[in-house]
Every structure is written in C-alpha cells, then in structure tokens.
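Written below as structure tokens is the structure these notes are about.
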Amino acid sequence: MKIIMLGAPGAGKGTQAKMIAEKYGVPHVSTGDIFRANIKNGTQLGMEAKQYMDKGLLVPDELTVRILLDRVAQEDCKNGYVLDGFPRTIPQAEVLDNALTELGDKIDYAVNVDVPDENIIRRMSGRRACLSCGATYHIEHIPPKKEGVCDACGSELVLRDDDKAETVKNRLDVYHKQTQPLIDFYTEKGVLATVDGTLPMDDVFAAITAILG
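Following numbering that gives the first Met the number 0, the numbering of the sequence shown begins with 0 at its first residue and continues without gaps.
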C-alpha cells in the first residue's frame with residue numbers, strides 16, 4: 000500500500016503518517032529524513048543534494064525523486080510506504096508519477112488531512128516551548144501548571160517564531176498556492192481521500208483506516 004499524505008503545515012499529517020506506518024507495518028518515509036541519511040552516509044545522491052543545500056538552493060525535483068526512489072526500492076518498502084512531505088508541488092507530483100509508471104508502479108491513496116486555516120493558526124500560535132529542556136505545551140490543550148513557566152525545569156516558556164500567527168499565515172499562503180493544486184491532481188487520478196483533521200487525533204486515524212481498509 001503506497002500512500003501520500005497531504006495537508007497544510009500544522010494539520011497533523013506527520014503524526015497520522017507515523018500511526019499509519021505503525022498499523023500497516025510499512026515505513027514512514029519523510030524526504031527530510033532521507034536527505035539527512037544520504038548526506039550523513041556520504042552517498043553519491045546525498046553529495047549531489049548537499050551541493051544545492053550548502054548554497055541555500057532547493058534540491059531539484061528530479062534529484063529529490065531519484066533519492067526518494069532509491070529509498071522506496073529498499074527491502075523494507077516492498078509492501079508499501081507512507082510518503083510525508085513530498086510531493087509539495089504539481090511538477091514534483093508529475094515527476095514522481097512518471098518515475099513510478101516507468102517502474103510499473105503507482106500511488107494507491109493520497110490522504111488529505113483537511114483543517115481550516117483559522118484552526119491551524121489557533122493550534123500553532125497556542126504552542127509554547129521551553130528552550131532549556133525542550134518540553135512543549137499548548138495554552139489550551141496542554142497548559143503548564145503555572146502560566147509561562149515550564150513544569151519540568153522552571154524555565155520561561157516562549158512562543159517560537161515558527162509558531163507566531165503571522166509566520167503560520169505566510170506558510171499557509173505558500174501551501175495554498177503550491178500544494179493545494181495537488182488535491183485536484185490526485186482527485187483526477189481517482190486516489191484522493193479527504194478526512195476531517197479538526198476531529199480528535201484518534202478519530203482522524205479511525206477515518207483514515209476506514210478508507211485504507
């Protein structure tokens with residue numbers, strides 16, 4: 000079973016991807032993890048990617064797909080995989096689709112975890128982090144015992160730049176421009192399944208497993 004996870008930043012698709020991978024016994028394949036592993040292991044593909052990353056450039060789609068195909072060709076992916084973080088754009092989806100077709104392969108499901116922007120902004124801007132010990136909180140869902148103070152080590156809790164409302168809104172704008180068209184792309188392929196990401200985490204997972212069977 001080959002699955003792509005779609006959804007805006009903060010929609011919870013990474014968490015769902017890990018849960019799917021665990022339930023179905025397939026690897027959770029994150030492009031960020033693959034890049035880091037290839038660079039750490041000094042592979043030829045990793046060195047090619049590093050040349051772009053060292054210059055602050057995006058790794059070209061063709062190279063990203065080659066690194067991805069190298070990963071999913073490994074033994075642990077023979078029964079499938081869950082792709083998280085790729086593709087992000089239509090050109091990436093087309094390159095991946097063409098490469099899989101050449102291998103006589105295809106994506107079985109594109110699971111879209113759908114959460115309205117205002118929910119994501121509220122969800123992410125409510126996060127608080129302890130820079131000393133790494134503990135994380137949420138002012139609504141997992142509040143610290145004392146406001147603004149870490150339960151674990153007593154240090155001050157901060158709102159990270161990544162979680163500020165204006166930063167989250169900018170990331171969502173980019174998502175809607177680049178990644179939203181993928182929903183149409185995979186709908187046309189007949190493999191898109193959308194779930195309500197505003198539900199509790201376990202309910203979202205139950206909806207996904209009902210689709211996957």
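Beta carbons are placed, not taken as given, at the ideal position from N, Cα and C, and that holds for glycine.
Beta carbon of residue i nearer than 8 Å to that of residue j
| i | j | result |
| --- | --- | --- |
| Leu211 | Tyr108 | yes |
| Leu156 | Tyr136 | yes |
| Ile119 | Ala10 | yes |
| Val28 | Arg70 | yes |
| Cys149 | Pro143 | yes |
| Pro180 | Ile106 | no |
| Asp83 | Thr193 | no |
| Val94 | Ile2 | no |
| Leu191 | Ala7 | no |
Span separating the alpha-carbon of residue i from that of residue j
| i | j | result |
| --- | --- | --- |
| Ala48 | Leu62 | 7 Å |
| Leu225 | Asp60 | There is no way to answer for residue 225, as the model of the chain reaches only from 0 to 212. |
| Pro199 | Leu5 | 18 Å |
| Met100 | Cys76 | The sequence given here has Thr at residue 100, not Met. Approximately 17 Å, taken between the alpha carbons. |
| Gly79 | Pro26 | 7 Å |
| Thr197 | Val110 | 15 Å |
| Thr208 | Lys39 | 34 Å |
| Leu158 | His140 | 15 Å |
| Lys188 | Asp96 | 10 Å |
| Leu57 | Thr30 | 13 Å |
| Asp162 | Gln73 | 36 Å |
| Lys176 | Met123 | 20 Å |
| Met52 | Thr42 | 15 Å |
| Asp116 | Lys12 | 15 Å |
| Leu102 | Gly153 | 55 Å |
| Thr186 | Met46 | 36 Å |
| Asp32 | Thr14 | 15 Å |
Residues that DSSP places opposite residue i in a beta bridge
| i | result |
| --- | --- |
| Thr135 | Ala128 |
| Leu5 | Asn111 |
| Tyr23 | DSSP, once it has assigned bridges, lists no residue as partnering Tyr23. |
| Asp106 | Looking at the sequence provided, one finds Ile at residue 106 rather than Asp. Answer is none; Ile106 lacks a bridge partner. |
| Ile141 | His137 |
| Asp83 | Met4 and Ser29 |
Own chain, CB closer than 8 Å to residue i, minus 5 neighbours either side, in chain order
| i | result |
| --- | --- |
| Asp160 | Thr166 |
| Ala151 | Cys129, Cys132 and Ala134 |
| Met0 | Tyr23, Val25, Asn78, Gly79, Asp107, Tyr108 and Leu211 |
Close beta carbons around residue i, own chain, < 7 Å, minus the five adjacent residues each side
| i | result |
| --- | --- |
| Ile138 | Gly125 and Arg127 |
| Lys168 | Ile120 |
| Met18 | Phe204 |
| Ala36 | none |
| Ala92 | Pro86, Leu181 and Phe184 |
| Gly55 | none |
| Glu146 | none |
| Lys22 | Thr208 |
| Ala20 | Pro26, His27 and Val81 |
| Asp104 | none |
Nonlocal neighbours in the same chain, by C-beta distance under 6 Å from residue i, ignoring five residues either side
| i | result |
| --- | --- |
| Phe34 | Ala48 |
| Thr178 | Arg87 |
| Ala164 | Ile120 and Ser124 |
Unbroken stretches of the alpha helix (DSSP H), 4 residues or longer, contained in the stretch 147–198:
The stretch 147–198 contains these whole alpha helix (DSSP H) runs: 164–177 and 179–187.
If you scan the stretch 40–76 from start to end, which runs of the alpha helix (DSSP H) of 4 or more residues do you find wholly inside it?
43–53 and 60–71
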